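Undergrad: Residue numbers (my numbering): 31 to 317.
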């Protein structure tokens with residue numbers, strides 16, 4: 031017994047050292063990943079005069095000048111509201127259209143099914159500038175320019191193909207025998223889709239929704255084209271307001287607005303990280 035205890039002691043020390051090294055590496059990697067966020071926040075909390083100094087300032091002065099400016103001199107609350115309404119409205123439209131389309135491409139067999147699926151995906155490869163002018167005149171004719179509804183529709187149109195293809199890949203992993211058993215019991219295709227397919231591929235649907243949110247919040251060209259006044263400006267367009275004019279480039283305001291735009295996405299990913307990690311691997315090709 032004494033010999034066994036003596037033999038186990040070095041092993042325990044080795045395991046403890048390995049665990050400590052592993053945690054140290056993980057903490058170092060976490061700090062490396064979070065440093066850009068902290069750097070942006072520190073720029074937003076510094077006076078404008080300290081940001082453009084020719085020499086680095088190791089102990090900056092904290093100031094809320096940028097925070098006060100974006101909420102008093104600029105309607106940042108309206109920009110944030112417009113962004114949330116346009117983005118989440120477009121995601122709802124995408125999911126309502128993509129889930130039935132993905133189910134059709136994954137389960138039904140008809141002529142040109144693969145070609146239709148590839149065409150849907152190929153629309154995402156098109157350069158946005160090619161269709162910018164036609165879309166502008168289309169929304170102008172429909173009377174939707176400078177409105178949240180126009181932003182919802184354009185964001186949904188941009189991300190619909192990607193969401194459809196992602197959800198389709200998850201539905202292909204669901205065994206068809208489950209649906210055959212439900213049809214034997216008398217369930218319709220719509221009942222199977224809503225009661226069986228959607229719950230089983232929920233992580234994939236959440237993953238597609240989060241990806242659509244990220245693409246929509248980063249969209250700038252169509253937002254600038256459609257939103258001509260502050261009634262429909264989003265955070266991406268608000269950033270451009272701090273890069274010109276008589277005041278020049280307002281770096282601390284840009285950093286503060288970018289941080290505000292980033293935080294909701296970060297909180298969303300952290301809140302659903304379990305579903306997101308499962309969804310990102312659910313549609314993987316199995317060997």
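In this text, a Cβ means the ideal position worked out from N, Cα and C, and glycines have one as well.
Remember, predicted model here, so these are calculated numbers, not experimental data.
Any idea what DSSP makes of residue 63, helix, strand or coil?
TA: Within the chain shown, residue 63 is the residue found at index 33, counting from 1. Residue 63: helix per DSSP, three-state reduction.
Undergrad: How about the region 165-173 and the region 225-240: do they share at least three Cβ pairs that are nearer than 8 Å?
TA: Contact fails: fewer than three Cβ-Cβ distances are below 8 Å.
Undergrad: Leaving out five residues on either side along the sequence, give the residues of the same chain with a beta carbon under 8 Å from the beta carbon of residue 107.
TA: Here residue 107 refers to the residue found at position 77 of the chain shown. Only 101 meet the Cβ criterion.
Undergrad: Compute the Euclidean distance between the alpha carbons of residue 181 and residue 253, then round it to the nearest angstrom.
TA: Numbered from 1 along the chain shown, position 151 holds the residue referred to as residue 181. Numbered from 1 along the chain shown, position 223 holds the residue referred to as residue 253. So the alpha carbons of these two residues sit roughly 7 Å apart.
Undergrad: Would residue 195 and residue 151 be called neighbours here (beta carbons separated by less than 7 Å)?
TA: Counting from one through the chain shown, the residue named residue 195 turns up at place 165. Counting from one through the chain shown, the residue named residue 151 turns up at place 121. Cβ distance < 7 Å, so residue 195 and residue 151 count as in contact.
Undergrad: What whole-angstrom Cβ distance do residue 193 and residue 124 have, given they're in contact under 8 Å?
TA: Residue mapping note: residue 193 aligns to position 163 of the chain shown, counting from 1. Residue mapping note: residue 124 aligns to position 94 of the chain shown, counting from 1. Residue 193 to residue 124, Cβ: 5 Å. Contact.
Undergrad: Under 8 Å Cβ to Cβ from residue 243, same chain only, skipping five residues before and after it: list those, please.
TA: To locate residue 243, count along the chain shown from 1; it is residue 213. Cβ neighbours of residue 243 beyond the five flanking positions: 117, 118, 121, 295 and 298.
Undergrad: Taking 7 Å as the threshold (C-beta atoms), are residue 250 and residue 74 in contact?
TA: If you number the chain shown from 1, residue 74 lands on position 44. If you number the chain shown from 1, residue 250 lands on position 220. In this structure, residue 250 does not lie closer than 7 Å to residue 74 by Cβ.
Undergrad: Just to confirm the assignment, what range does the alpha helix (DSSP H) spanning residue 170 have?
TA: To locate residue 170, count along the chain shown from 1; it is residue 140. Unbroken alpha helix (DSSP H) run through residue 170: 158-172.
Undergrad: For the structure I just gave you, are there three or more beta carbon pairs, one from the region 210-220 and one from the region 141-150, closer than 8 Å?
TA: Contact fails: fewer than three Cβ-Cβ distances are below 8 Å.
Undergrad: Need the endpoints of the alpha helix (DSSP H) that residue 134 sits in, please.
TA: Locating residue 134 in the chain shown gives position 104, counting from the first residue. First-last of the alpha helix (DSSP H) with residue 134: 106-137.
Undergrad: What did DSSP end up calling residue 77 once you bin it into helix, strand or coil?
TA: Counting from one through the chain shown, the residue named residue 77 turns up at place 47. DSSP places residue 77 in coil when its eight states are reduced to three.
Undergrad: So, residue 176 versus residue 261, is the Cβ gap smaller than 7 Å?
TA: Here residue 176 refers to the residue found at position 146 when the chain shown is read from its first residue. Here residue 261 refers to the residue found at position 231 when the chain shown is read from its first residue. The answer is yes: Cβ separation under 7 Å.
Undergrad: Using a Cβ-Cβ cut-off of 7 Å (strictly less than) and excluding sequence neighbours within five positions of residue 269, which residues of its own chain qualify?
TA: To locate residue 269, count along the chain shown from 1; it is residue 239. Contacts found: 284, 287 and 288.
Undergrad: If I'm right that residue 163 touches residue 115 with Cβ under 8 Å, what's the distance once you round it to whole angstroms?
TA: Residue numbering aside, residue 163 sits at position 133 when the chain shown is read from its first letter. Residue numbering aside, residue 115 sits at position 85 when the chain shown is read from its first letter. 26 Å between Cβ atoms; not a contact.
Undergrad: By alpha-carbon positions, which one of 234, 302, 255 and 130 ends up nearest to residue 222?
TA: On the chain shown, position 192 is the one that residue 222 refers to. Looking at the Cα atoms, 130 is the closest of the given residues.
Undergrad: Kindly indicate the opening and closing residues of the alpha helix (DSSP H) around residue 145.
TA: Position 115 of the chain shown holds residue 145. Note, residue 145: alpha helix (DSSP H), 143-152.
Undergrad: Please list the terminal residues of the continuous alpha helix (DSSP H) segment that includes residue 255.
TA: Counting from 1 along the chain shown, the entry for residue 255 is found at position 225. Start and end: 251-256.
Undergrad: Determine the contact status of residue 197 and residue 157, defining contact as a CB-CB distance below 7 Å.
TA: Along the chain shown, read from residue 1 onward, the residue named residue 197 stands at position 167. Along the chain shown, read from residue 1 onward, the residue named residue 157 stands at position 127. Taking 7 Å as the Cβ cut-off, residue 197 and residue 157 do not qualify as a contacting pair.
Undergrad: Just to confirm before moving on: does the CB-CB distance between residue 264 and residue 113 stay below 7 Å?
TA: Mapped onto the chain shown, residue 264 falls at position 234. Mapped onto the chain shown, residue 113 falls at position 83. Yes, the Cβ-Cβ distance between residue 264 and residue 113 is below 7 Å.
Undergrad: Which residue wins for smallest C-alpha separation from residue 161, given the options 248, 89 and 255?
TA: Within the chain shown, residue 161 is the residue found at index 131, counting from 1. Selected option, being the one with the closest Cα: 255.
Undergrad: According to DSSP, is residue 315 helix, strand or coil?
TA: Locating residue 315 in the chain shown gives position 285, counting from the first residue. Note on residue 315: pLDDT 45, under 50, position unreliable in the model; the coordinate value appears next. Coil, per DSSP.
Undergrad: From what residue to what residue does the alpha helix (DSSP H) around residue 280 run?
TA: In the chain shown, the residue the question calls residue 280 occupies position 250. Careful: residue 280 lies outside any alpha helix (DSSP H) and carries neither H nor E.
Undergrad: Given that a residue counts as buried once 16 or more other Cβ atoms are within 10 Å of its Cβ, and exposed if not, what is residue 76?
TA: To locate residue 76, count along the chain shown from 1; it is residue 46. Result: buried.
Undergrad: For the alpha helix (DSSP H) that contains residue 242, what are its first and last residues?
TA: If you number the chain shown from 1, residue 242 lands on position 212. That run of the alpha helix (DSSP H) goes 232-247.
Undergrad: Report the three-state DSSP secondary structure of residue 260 (helix, strand or coil).
TA: On the chain shown, residue 260 is found 230 positions in, with the first residue counted as 1. It is coil, neither helix nor strand.
Undergrad: Let's see if you can read the secondary structure: which residues bound the alpha helix (DSSP H) around residue 197?
TA: By 1-based counting over the chain shown, the position of residue 197 is 167. Unbroken alpha helix (DSSP H) run through residue 197: 178-201.
Undergrad: So what does DSSP say about residue 210, is it helix, strand or coil?
TA: Translated into the one-based positions of the chain shown, residue 210 becomes position 180. Residue state, collapsed to three classes: helix.
Undergrad: So is residue 57 buried or exposed if we call it buried at 16+ other beta carbons inside 10 Å?
TA: Within the chain shown, the letter at position 27 stands for residue 57. Residue 57 is exposed by the Cβ-count criterion.
Undergrad: Tell me whether residue 271 sits in a helix, a strand or coil according to DSSP, three-state version.
TA: Locating residue 271 in the chain shown gives position 241, counting from the first residue. Note: residue 271 maps to coil in three-state DSSP.
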